[in-house]
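I have placed the structure first, in the form of structure tokens, so that the comments after it can refer back to it.
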Amino acid sequence: MEASLQATYDTVLQRNQGEPEFHQAVREVFESLETLRGRHPEYEAHGILMRLCEPERQLIFRVPWVDDEGTVRINRGFRVEYNSALGPYKGGLRFHPSVNLGIVKFLGFEQIFKNSLTGLPIGGGKGGSDFDPHGRSDGEIMRFCQSFMTELHRHIGEYTDVPAGDIGVGSREIGYLFGQYKRLTNRYEAGVLTGKGLDWGGSLVRTEATGYGAAIFANEMLRAREASFDGRRVGVSGSGNVAIYAIEKTQQLGGIPITASDSSGYVVDEQGIDLDLLRQIKEVERGRIHEYAERRGGGARFVKDGSVWDVPVDIALPSATQNELDEKDAKTLASNGVKVVAEGANMPCTPEAVEVFRMAGVGFGPGKAANAGGVATSALEMQQNASRDTWTFDYTEARLTEIMRNIHSTCLTTADEVGRPGDYVVGANVAGFRKVANAMIALGVV
Ligand code: NDP
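Add 537 to a position in the sequence shown, counting from 1, and you land on the number used in the working numbering.
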């Protein structure tokens, strides 16, 4: 890295020890910013990088709740309000045992640039808890969400900070969180949370938006290479919100998704994933992925050990979690002839994997561009809440498609402009950064 970037990065490391995912996210952005070298002395003069790396506010709080046996449980809650230069903090809540401050900061940092890329007026934030929802009853989930919101409510608001879902937080959890917010504040403030149910302020297409958006982005990448999804084998990891709707849109675009996974293993279904069955098992029954192979029959198989990326595919949409696709996986995918990889999850590919794709000429769409459809549609939900209006599915999906196409072309145009044609990572980071940096300069040192 260039000396001044390296010095800032070293300071970030020193001030944020023991947070490797956060370091990884910062490093990737800094490496992209090298392409701006010498062009924008004003960014240095205004201390933009150091200010960007330091969240505006970091909240850590106790979340006490009582389980079904009457035992008192304690979890830790987080909300990192990262950057509000472009609008209220916006980003999801993650409930997963791996959540800690470093994970929330990495996700919040990424969110700043992603939200900027959407072109919509939203700042960056993220939150969550180390609570594990797996195996918890509905009553336990509700009590946990109520306790979490009892603290969080004083920090959020439709003009301040607007959380949404992420891993472990879907419309059920958003419902319990919203109900408690409404009770505590005595306000029906629909715009305070997104990902709401359709009967109480939610937007059509929000549930589908991240997965749909990732498939639409991959389709644009294919079109830029004069290719398409038509008849192509598609590898998808995960079997949650993002994965399910990435599979659905891929099928609509003519691709054949043949894999899905969870933390217990993966399934391969050469006939193409049966989406109704997958949904029944994962969304309705909240079951495990091996049940898919057992109930599907016809050659679908469950693999407990090994990597879903061992399966030869033309297009890969990693949609589970961070750092799930490493260098070895990337080499396997490349040698099996993968053409395009678009991240449905946040940072699922390690930096070494991304380098393998770059060297092999595989198109690589980073999460902050490829999965921005979710937060973009959240912003559309906020627009509908503010105007007390509801839009049709077709209209909202058309808006999502337009946003994804714009992000795709912005990435390519920016990459060209800074001398890295075809590099979506550089394009996304530089374009996302410039808008936030310019706004920060305009707003003064705050
Ligand atoms: P869900 O909770 O709905 O699904 C997550 C899926 O990933 C589950 O199948 C889960 O399996 C699997 N998974 C989680 N951790 C691991 C792990 N360590 N190893 C293997 N599999 C794992 O979450 P989402 O689909 O909402 O989120 C998936 C990714 O997409 C995350 O990176 C999230 O940040 C990102 N994202 C989500 C957005 C959204 O709108 N929901 C928006 C933008 C990005 P299991 O049940 O076994 O844990």
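Ideal Cβ positions, reconstructed from N, Cα and C, are used throughout, including at glycine.
Treat the numbers as computed from the prediction; the structure is a model and nothing was measured.
Rounded straight-line distance, which links the Cα of residue j to that of residue i
| i | j | result |
| --- | --- | --- |
| residue 690 | residue 718 | 6 Å |
| residue 932 | residue 924 | 16 Å |
| residue 867 | residue 854 | 12 Å |
| residue 715 | residue 599 | 19 Å |
| residue 833 | residue 673 | 27 Å |
| residue 801 | residue 781 | 17 Å |
| residue 981 | residue 859 | 34 Å |
| residue 558 | residue 904 | 14 Å |
| residue 544 | residue 587 | 10 Å |
| residue 953 | residue 767 | 28 Å |
| residue 749 | residue 826 | 21 Å |
| residue 812 | residue 701 | 25 Å |
| residue 943 | residue 935 | 12 Å |
Extent of the continuous alpha helix (DSSP H) run through residue i
| i | result |
| --- | --- |
| residue 578 | 578-582 |
| residue 953 | 930-954 |
| residue 958 | Unbroken run through residue 958: none, as it is neither H nor E. |
| residue 711 | 708-722 |
| residue 753 | 743-761 |
| residue 901 | Counting along the chain, residue 901 falls outside any alpha helix (DSSP H), though it belongs to the beta strand (DSSP E) covering 900-902. |
| residue 567 | 557-570 |
| residue 764 | From DSSP, residue 764 is part of no alpha helix (DSSP H); its letter is neither H nor E. |
| residue 575 | No alpha helix (DSSP H) holds residue 575; DSSP gives it neither H nor E. |
| residue 552 | 540-552 |
Minimum Cβ-Cβ distance from residue i to chain C less than 7 Å
| i | result |
| --- | --- |
| residue 590 | Going by chain labels, chain C is absent from the structure shown, which holds only one protein chain. |
Residue closest to residue i, alpha-carbon to alpha-carbon, out of the options
| i | options | result |
| --- | --- | --- |
| residue 703 | 949, 883, 793, 958 | 883 |
| residue 563 | 924, 643, 926 | 643 |
| residue 946 | 655, 570, 786 | 655 |
| residue 896 | 876, 820, 639 | 876 |
| residue 708 | 721, 547, 749, 821 | 821 |
| residue 874 | 778, 772, 677 | 772 |
| residue 817 | 777, 725, 850 | 777 |
| residue 692 | 614, 605, 841 | 614 |
| residue 861 | 838, 607, 889 | 889 |
| residue 783 | 852, 828, 731, 729 | 852 |
| residue 804 | 838, 819, 831 | 838 |
| residue 739 | 731, 746, 745 | 731 |
| residue 909 | 652, 722, 713, 729 | 652 |
| residue 678 | 797, 604, 881 | 604 |
| residue 637 | 612, 623, 857, 726 | 612 |
| residue 973 | 659, 609, 699 | 659 |
| residue 687 | 701, 552, 722, 712 | 722 |
| residue 939 | 746, 809, 720 | 746 |
| residue 561 | 964, 887, 959, 676 | 887 |
| residue 969 | 796, 856, 930, 622 | 622 |
| residue 774 | 844, 797, 762 | 797 |
| residue 675 | 823, 881, 865, 737 | 823 |
| residue 844 | 831, 865, 830 | 865 |
| residue 930 | 735, 763, 650 | 735 |
Residue i: first and last residue of the uninterrupted beta strand (DSSP E) it sits in
| i | result |
| --- | --- |
| residue 618 | 609-620 |
| residue 628 | 626-632 |
| residue 729 | Taken as a continuous stretch (DSSP letters only), residue 729 belongs to no beta strand (DSSP E), as it is neither H nor E. |
| residue 594 | 594-603 |
| residue 770 | 770-773 |
| residue 701 | 698-701 |
Close beta carbons around residue i, own chain, < 7 Å, minus the five adjacent residues each side
| i | result |
| --- | --- |
| residue 988 | Summary: the structure shown does not reach residue 988, with the chain confined to residues 538 through 983, and so no result is reported for it. |
| residue 617 | 592, 595, 641, 642, 645, 662, 663, 664 |
| residue 988 | The shown model of the chain, from 538 to 983, leaves out residue 988, and the question about it has no answer. |
| residue 657 | 913, 916 |
| residue 706 | 629, 630, 631, 632 |
| residue 590 | 549, 563 |
| residue 579 | 978 |
| residue 790 | 752, 756, 766 |
| residue 847 | 869 |
Neighbourhood of residue i by C-beta, 6 Å cutoff - its chain only, sequence neighbours within 5 removed
| i | result |
| --- | --- |
| residue 681 | 602, 668 |
| residue 902 | 754, 758, 879, 961 |
| residue 696 | 625 |
| residue 634 | 667, 669 |
| residue 648 | 628, 661, 663 |
| residue 819 | 776 |
| residue 918 | 731, 740, 743 |
| residue 799 | 776, 826 |
Cut-off 8 Å between Cβ atoms - residues of its own chain near residue i, not counting five sequence neighbours on either side
| i | result |
| --- | --- |
| residue 571 | 538, 539, 542 |
| residue 871 | 893, 894, 897, 899 |
| residue 555 | 639 |
Heavy atom of the ligand GDP within 6 Å of residue i beta-carbon
| i | result |
| --- | --- |
| residue 620 | Looking at this structure, you won't find the ligand GDP anywhere; what it does contain is the ligand NDP. |
Which runs of the beta strand (DSSP E) spanning at least 3 residues fall entirely within the segment 867-892, listed in chain order? 877-879
Minimum length 4: unbroken alpha helix (DSSP H) runs contained in the segment 641-682: none
Please go through the segment 786-858 and give each complete alpha helix (DSSP H) segment of 4 or more residues, from N-terminal end onward. If we require 4 residues or more, the alpha helix (DSSP H) runs fully inside the segment 786-858 come out as 812-816, 827-833.
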